[in-house]
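Participant:
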């Protein structure tokens, strides 16, 4: 009996020890995984270099500072709306992370705030928080269980509902019976928009400039009525203004299901009057640039308004879609084709953002991927000018088109491929129009060489944003197309890229024609085939991107105090 008792004791001790060892192993394994996750999050956060944005405070007076503060408050409300547009669980996830105090949760929250959600915008929207599934293609604009086919079949059965269902300013939900319904933004986000409208009215009361006052009053009204047309026209009419602001639902990039639904955003900026005046010269050539497009006359668009205000500004705050992940250097709004036909569009260039990006990201990237001879033709002036020409080019080419005898828009016909093709078009026409304006004597002789080379160097910066994102996707399409034509060459020994300037003009002309004709004909199937053919990362590009892993992908703005 004693022997049996001893054996049982030994077995119990061995079993207890093994159990403890398993627990310890699990604990160590969990610690290792947590450490790996923290290291991953650190790497991702470091891709966004913190940069203090500045501007000359003498450009504004005390009353204008009050206006700016009100607009910044309203912008923070755009953040809250956009957060809800990106993903249905965003608020829940943010609240959970804010309650925790461990290192992992703090890092997750930091990256969550950069991306406005738990999805890595630089890595195909891969979730970086445990328990989060794939990001819905339709973000939170549609029911997560809704398919494209269900939406399209519903519209076939209910053609009278097409306008409200495809509107930029409605979300699609299910009623109690599970049927699809369209809900206006003014209803879906009512509590937020009421607060934002109040702040805009208060800002307007302190406005000395009558055109800015009118815009803010009309935009406050639009938040409650869901009709943005009049306020967009008022935005186009702003003049002699020190404060340049745009706030509301505009870009459709977040909707990767159809490209219909607009995200809320805001840019609060102060105008640089000297630089803005300089760039007005280019706007005088808008009609000539439309005439010069490399497509048949029948597809050229002379119906768009010829007003094309250009503003060079200093960003003092941004939010919503404008603040998510990669920061924009410029924007061209509004997107409403009715406004573009009546007034044209306004181009706004963010000078302090462009300078920060060029210094922190563009220069180290170009030094790594371009050959020495190619680097001779790069400059900040060319980088900034191409940004301007890119925005101007958004306003050129087909907008409202006729297909099968029916008036429609390029956006509605190309659906989820529209944003990528439109960004590629604007970049290609930016260079194409650079050649044209150099020939006209607007730019000095030889400037087109700088423009081509600087743009091609910048492609690597854009594709680091992720090729699922419209700008990155558009840029890799351009890169692969130009490689096929021999405009971009690769040296396998030095592993550097160079530009064949003799082939560049013809190459950009051919690609401009291809992109413009996809838009002019509204051909969805051809657009799909074109994008799927060229939107790929090839080995030489992948190798170049690996060399850039320690270079910041973009900036993380630290806004000035007002």
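Numbering (this note's numbering), first residue to last: 1 to 562.
The C-beta atom is built at its ideal place from N, Cα and C for all residues, glycine as well.
Assuming residue 262 and residue 249 form a contact by the criterion Cβ under 8 angstroms, report the distance between their Cβ atoms to the nearest whole angstrom.
Facilitator: With a Cβ gap of about 4 angstroms, residue 262 and residue 249 count as contacting.
Participant: Counting only the same chain and skipping the five closest in sequence on each side, list residues whose C-beta sits under 8 angstroms from that of residue 201.
Facilitator: So the list reads 216, 217, 220, once near-sequence residues are dropped.
Participant: Tell me the residue span of the alpha helix (DSSP H) that contains residue 483.
Facilitator: Run containing residue 483: 470-484, per the alpha helix (DSSP H) assignment.
Participant: Please classify residue 174 as buried or exposed, where buried requires at least 16 other C-beta atoms within 10 Å of its C-beta.
Facilitator: Under this definition residue 174 is an exposed residue.
Participant: For residue 104, which residues of its own chain have a beta-carbon under 8 angstroms away from its beta-carbon, when the five flanking residues on both sides are left out?
Facilitator: Taken in chain order, the residues that qualify are 34, 37, 38, 41.
Participant: Could you tell me the distance, in whole angstroms, from the CA atom of residue 556 to the CA atom of residue 404?
Facilitator: Residue 556 and residue 404: Cα-Cα distance of roughly 46 angstroms.
Participant: Tell me whether the beta-carbon of residue 245 lies closer than 7 angstroms to the beta-carbon of residue 276.
Facilitator: No, Cβ-Cβ distance for residue 245 and residue 276 is not below 7 angstroms.
Participant: According to DSSP, is residue 363 helix, strand or coil?
Facilitator: Helix, per DSSP.
Participant: Going by C-alpha to C-alpha distance, which of 308, 341, 68, 402 sits closest to residue 206?
Facilitator: That would be 68, whose Cα lies nearest to the Cα of residue 206.
Participant: Report the CB separation of residue 285 from residue 440 in whole angstroms; it is logged as a contact under 8 angstroms.
Facilitator: So it is a contact: roughly 7 angstroms between Cβ atoms.
Participant: For the beta strand (DSSP E) containing residue 267, list its first residue and its last residue.
Facilitator: 264-271 is the extent of the beta strand (DSSP E) around residue 267.
Participant: So, for residue 192: in the same chain, excluding its five sequence neighbours on each side, which residues have a beta-carbon less than 8 angstroms away from its beta-carbon?
Facilitator: Counting only Cβ-Cβ distances below 8 angstroms, and skipping sequence neighbours, we find 77, 80, 81.
Participant: Alpha carbon to alpha carbon, what distance is there between residue 379 and residue 371?
Facilitator: Those two C-alpha atoms are separated by around 15 angstroms.
Participant: Taking C-alpha atoms, which residue in 161, 539, 516, 315 lies nearest to residue 272?
Facilitator: Nearest C-alpha to residue 272: 315.
Participant: Use the C-beta contact count for residue 466: other C-beta atoms within 10 angstroms, 16 or more gives buried, fewer gives exposed.
Facilitator: Counting Cβ neighbours within 10 Å, residue 466 comes out buried, since at least 16 surround it.
Participant: Since residue 174 sits in a beta bridge, which residues does DSSP pair it with?
Facilitator: DSSP, once it has assigned bridges, lists 180 as partnering residue 174.
Participant: How about residue 191: is its Cβ closer than 6 angstroms to a heavy atom in the ligand COA?
Facilitator: Annotation note on the ligand COA: not contained in the displayed structure, which lists no ligands.
Participant: If we call anything under 7 angstroms between Cβ atoms a contact, is residue 392 one with residue 425?
Facilitator: The answer is no: Cβ separation not under 7 angstroms.
Participant: Answer yes if the stretch 498-511 comes into contact with the stretch 447-465, meaning at least three C-beta pairs across the two stretches below 8 angstroms, and no otherwise.
Facilitator: Cβ pair count under 8 angstroms is three or more, so yes.
Participant: Please state whether the Cβ-Cβ distance between residue 140 and residue 88 is less than 7 angstroms.
Facilitator: In contact: residue 140 and residue 88 (Cβ atoms closer than 7 angstroms).
Participant: How would you write the range of the alpha helix (DSSP H) that residue 69 sits in, first residue to last?
Facilitator: Taken as a continuous stretch (DSSP letters only), the alpha helix (DSSP H) holding residue 69 covers 62-86.
Participant: Three or more beta-carbon pairs under 8 angstroms between the stretch 148-166 and the stretch 441-448, yes or no?
Facilitator: Short answer: they don't touch.
Participant: Return the residue from the list 155, 184, 247, 238 that minimises the CA-CA distance to residue 196.
Facilitator: Ranking the options by Cα distance to residue 196, first place goes to 247.
Participant: Using CA atoms only, rank isn't needed, just tell me which of 406, 459, 412, 294 is closest to residue 506.
Facilitator: Here the closest residue by C-alpha is 294.
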